[in-house]
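Q: Right, I'll just put the structure down here and ask away after.
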Amino acid sequence: MNSKRLPAEWEKQRAVLMAFPHKNSDWADDLQGALSPFIRIAQAIAYAQPVYIICDNKEHISDMFCSTRNMSFIEIPTNDTWTRDYGYISIKEDNAPKLLDFTFDGWGGKFEASLDNELNRTLHKKGYLGTTPLENIDFVLEGGSIESNGEGTIMTTTACLCNPNRNGGLSKEEVENKLETYLGAKRVLWLDNGYLAGDDTDSHIDTLARFVSVDTIAYVASHDTSDEHYEALQKMKTELERFRTIDGKPYKLVTLPMPSAKFDSEGNRLPATYANFLISNKALVYPTYSVPEDKIVHEIFKELFANKEIIPIECSKLIEQGGSLHCSTMQIT
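Residue numbering for the sequence shown follows the numbering used here, starting at 757 and increasing by one per position.
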């Protein structure tokens, strides 16, 4: 019998995929400022595992690093930098690694994405993934929209996966059938509430709630009743409290603070969230925003990931373009 499984992020990774800003991307107005956090993220990962860096000029980008150990610089054209959403989704099929290339449509047609949608096939042809098989799938699915506990439970949001701009607006049951077929999902936990102002993803789960172990979920909460997110996040908390593990027990829930509000030059609120962290082989790499809550969440992560190095990266520049740290990375298992 064919068996499929979507590994949890904390499982052993072969590499992490990133795509760097370039002069033809939305980062063009401050390209040097945009490259800085991407370089720091890559360095934080590369000290313990390989990083594949997609870029427009590998000599120019590699010269920006003090050390390029564990880094491969690969010239492939891209529209944008958010590899979490268009990079490979790694599964295990009969316990062997397999790469899935889902359709990426720029978060429901909001942005041009034709180059990003070609990236996985182009990279695979270059041989960086060895003989690992690649399956192209005619179904829109972004990596940031799904969370796996590694044992068949997938957590997601209705605002994204049931959105009419993704696959014509499928029902929960229809989506669950797809996740079972492609990812081996045994069950799906749906969040109907929760959002971030300034978010273009239609409430990706990796901005709101994350598995940090098989039976533990870290989630964003607001304790400020005047904050526009307060009511929706309270409803989301209630949903999380109702979730049960495969054994019928409540999940252990860990609250992540909502960062103090950040705004762009025109006064629009930016989607700052601490849920957008990356679990790598040796480290927990998380975004900071130069706000008081940065220190609070650092202590939370130290306790949650006692066996990993805790590495903060200032990501205020990233949220100017609607994403954060996790969005800019995709692990390959």
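Beta carbons: idealized from backbone N, C-alpha and C, even for Gly.
Computed from a predicted model, the values in this text were never measured in an experiment.
1. If you count every other CB in all the chains shown that lies within 10 Å of the CB of S823, and 16 or more means buried, which is it?
2. Looking only at C-alpha atoms, which of C918, D857, N919, E898 sits nearest to I890?
3. Give a yes or no on contact between the stretch 1067 to 1082 and the stretch 1032 to 1051, applying the rule of three or more CB pairs nearer than 8 angstroms.
4. How long is the line joining the alpha carbons of I1056 and P1027, rounded to whole angstroms?
5. Let me know if P777 comes out buried or exposed under the rule of 16 or more other beta-carbons within 10 Å of its beta-carbon.
6. So, under 8 angstroms CB-CB, H960 and C918 are touching, yes? Tell me the CB distance rounded to an integer number of Å.
7. Quick one: which unbroken alpha helix (DSSP H) runs of 4-plus residues sit fully inside the stretch 926 to 973? Chain order, please.
8. Would you call N800 buried or exposed, if buried means 16 or more other Cβ atoms sit within 10 Å of its Cβ?
9. Bridge partners of P1043, per DSSP?
10. How big is the Cα-Cα spacing for T1085 and C811?
11. Do T1029 and S1080 have their CB atoms nearer than 8 angstroms?
12. Under 6 angstroms Cβ to Cβ from E932, same chain only, skipping five residues before and after it: list those, please.
13. Measuring straight from C-alpha to C-alpha, what distance separates I1088 and E930?
14. Taking the alpha carbon of I847 as the reference point, which residue from L926, D786, K768, L939 has its own alpha carbon closest?
15. So, A775 versus T878, is the Cβ gap smaller than 8 angstroms?
16. In the DSSP assignment, what residue or residues form a beta bridge with P1006?
17. Taking the Cβ atom as the reference point for each residue, do E1065 and K1038 lie within a distance shorter than 8 angstroms?
18. Scan the stretch 1011 to 1057 and note each continuous beta strand (DSSP E) run of 3 residues or more that stays entirely inside, going in chain order.
19. Pick out whichever of T914, H1054, V970, Q1077 has its Cα sitting closest to the Cα of D948.
20. Hey, would you say T859 sits closer than 8 angstroms to D819, going by beta carbons?
21. Between the stretch 782 to 802 and the stretch 841 to 855, can you find at least three pairs of beta-carbon atoms closer than 8 angstroms?
22. Which residues does DSSP list as the beta-bridge partners of F829?
23. For P1013 and Y808, I'd like the C-alpha separation in whole angstroms.
24. Between R770 and the rest of its own chain, which residues show a CB-CB distance below 6 angstroms, the 5 nearest in sequence each way excluded?
25. Taking Cβ positions, are A764 and F967 nearer each other than 8 angstroms?
26. Of the choices A977, P793, N892, Y951, whose alpha-carbon is the least far from that of T1011?
27. For A852, write down the residues that DSSP places opposite it in a beta bridge.
28. Give a yes or no on whether the C-beta atoms belonging to D836 and D785 are separated by under 8 angstroms.
29. Quick check: what's the CA-CA separation for T937 versus G1023?
30. Between E815 and E987, what straight-line distance do the alpha-carbon atoms span, to the nearest angstrom?
31. Measuring CA to CA, which of R1000, F821, R825 is closest to Q805?
32. DSSP beta-bridge partners for K760?
A: In terms of the structure at hand:
1. Exposed, because fewer than 16 other Cβ atoms sit within 10 Å of the Cβ of S823.
2. The sequence given here has Leu at residue 890, not Ile. Per the Cα distances, D857.
3. Cβ pair count under 8 angstroms is three or more, so yes.
4. Spanning the two alpha carbons is a distance of roughly 20 angstroms.
5. When all chains shown are included, P777 counts as buried.
6. No, H960 and C918 are not in contact; Cβ-Cβ is about 13 angstroms, not under 8 angstroms.
7. Counting whole runs of 4 or more residues, the stretch 926 to 973 contains the alpha helix (DSSP H) stretches 928 to 939.
8. Before going on, a small fix: residue 800 reads as Ala here, not Asn. Buried, because 16 or more other Cβ atoms sit within 10 Å of the Cβ of A800.
9. Note: P1043 sits in a beta bridge opposite I1069.
10. Here the alpha carbon of T1085 sits roughly 14 angstroms from the alpha carbon of C811.
11. Against a cut-off of 8 angstroms, the Cβ pair of S1080 and T1029 comes out as a contact.
12. The beta carbon of E932 sits closer than 6 angstroms to the beta carbons of V944 from its chain, once the five residues preceding and following it are set aside; these are given in chain order.
13. Between I1088 and E930, the alpha-carbon positions lie close to 27 angstroms from each other.
14. For the residues L926, D786, K768, L939, the minimum Cα distance to I847 belongs to L939.
15. No, these two residues do not count as a Cβ contact at 8 angstroms.
16. P1006 is bridged to R1000.
17. E1065 places its beta carbon less than 8 angstroms from that of K1038.
18. The qualifying runs are 1039 to 1044.
19. Nearest Cα to D948 within the set T914, H1054, V970, Q1077: T914.
20. The criterion of a C-beta distance shorter than 8 angstroms is not satisfied by T859 and D819.
21. The stretch 841 to 855 vs the stretch 782 to 802: no contact.
22. BP columns for F829 point to I809.
23. P1013 and Y808: Cα-Cα distance of roughly 32 angstroms.
24. Answer for R770: I1088, listed in chain order.
25. Going by C-beta atoms, A764 is nearer than 8 angstroms to F967.
26. Measuring from the Cα of T1011, the nearest candidate turns out to be A977.
27. Under DSSP, the beta-bridge partners assigned to A852 are E849.
28. No; because the gap between Cβ atoms is not below 8 angstroms, this pair is not in contact.
29. Distance from the CA atom of T937 to the CA atom of G1023, rounded to whole angstroms, is 44 angstroms.
30. Whole-angstrom Cα-Cα distance: 49 angstroms.
31. It is R825 whose Cα lies nearest to the Cα of Q805.
32. In the DSSP output, where bridge partners are listed per residue, K760 has E849.
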